[in-house]
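Asker:
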Amino acid sequence: MTDAIQVITTLPSREAAQRLADALVERRLAACVQVAGPVSSTYRWQGQVETAEEFVCLIKTRQGRYPALEAAILELHPYDVPEVLAVPVVAGHRAYLDWLANEVSEEKAED
1 MTDAIQVITT LPSREAAQRL ADALVERRLA ACVQVAGPVS STYRWQGQVE TAEEFVCLIK
61 TRQGRYPALE AAILELHPYD VPEVLAVPVV AGHRAYLDWL ANEVSEEKAE D
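Residue 52 in my numbering sits at position 52 of the sequence shown, with consecutive numbering throughout.
As structure tokens, this is what we get:
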């Protein structure tokens, strides 16, 4: 097990997803954010079944950075109730995990 996590969120446009990705990496809350899509999402919202085109952000970070990362997503996200799910990384290429940890270290975030 590592302290790396992948956080997932979806946004309504590629532009919104890219703005979020840029902000999270700039703030050193994420080492990397991949934007994928469009994807078709079907969900129930306020009693209605909805379908929307969305863009997925796959956010690579560390568990210790999650509270600040979640706060930033909620600050920058256009949805009232955005998807924010953290999934533990149980294993990975050691050099990549070391790079990830270095890029989102709290010491560097204070620079």
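Just so it is clear, CB atoms sit at the ideal spot from N, CA and C, and this is done for glycine as well.
Which of the three DSSP states, helix, strand or coil, is assigned to Glu15?
Answerer: Against the sequence shown, residue 15 aligns to sequence position 15. Glu15 falls in the helix class under three-state DSSP.
Asker: Give the straight-line distance between the Cα atoms of Ala95 and Ala101, rounded to the nearest whole angstrom.
Answerer: The residue labelled residue 95 in the question sits at position 95 within the sequence shown. The residue labelled residue 101 in the question sits at position 101 within the sequence shown. Cα to Cα, the separation comes out at about 10 angstroms.
Asker: Check whether the region 63 to 73 touches the region 21 to 40, taking contact to mean three or more Cβ pairs, one atom from each stretch, closer than 8 angstroms.
Answerer: Segments in contact, yes.
Asker: Once the 5 residues before and after Thr2 are set aside, which same chain residues still bring their CB inside 6 angstroms of it?
Answerer: Taking the sequence shown and counting its residues from 1, one reaches residue 2 at position 2. Val89, Leu97.
Asker: Within 10 angstroms of its Cβ, does Thr61 collect 16 or more other Cβ (buried), or is it exposed?
Answerer: Sequence index remark: in the sequence shown, residue 61 carries index 61 (1-based). Buried: at least 16 other Cβ atoms inside 10 Å.
Asker: Can you give the beta carbon distance from Ile5 to Val33, rounded, assuming they're within the 8 angstroms contact cut?
Answerer: The residue labelled residue 5 in the question sits at position 5 within the sequence shown. The residue labelled residue 33 in the question sits at position 33 within the sequence shown. Rounded, the Cβ-Cβ distance is 13 angstroms, inconsistent with contact.
Asker: On the DSSP letters alone, give me the boundaries of the beta strand (DSSP E) that Pro88 sits inside.
Answerer: The count along the sequence shown starts at 1 and reaches residue 88 at position 88. That run of the beta strand (DSSP E) goes 85 to 88.
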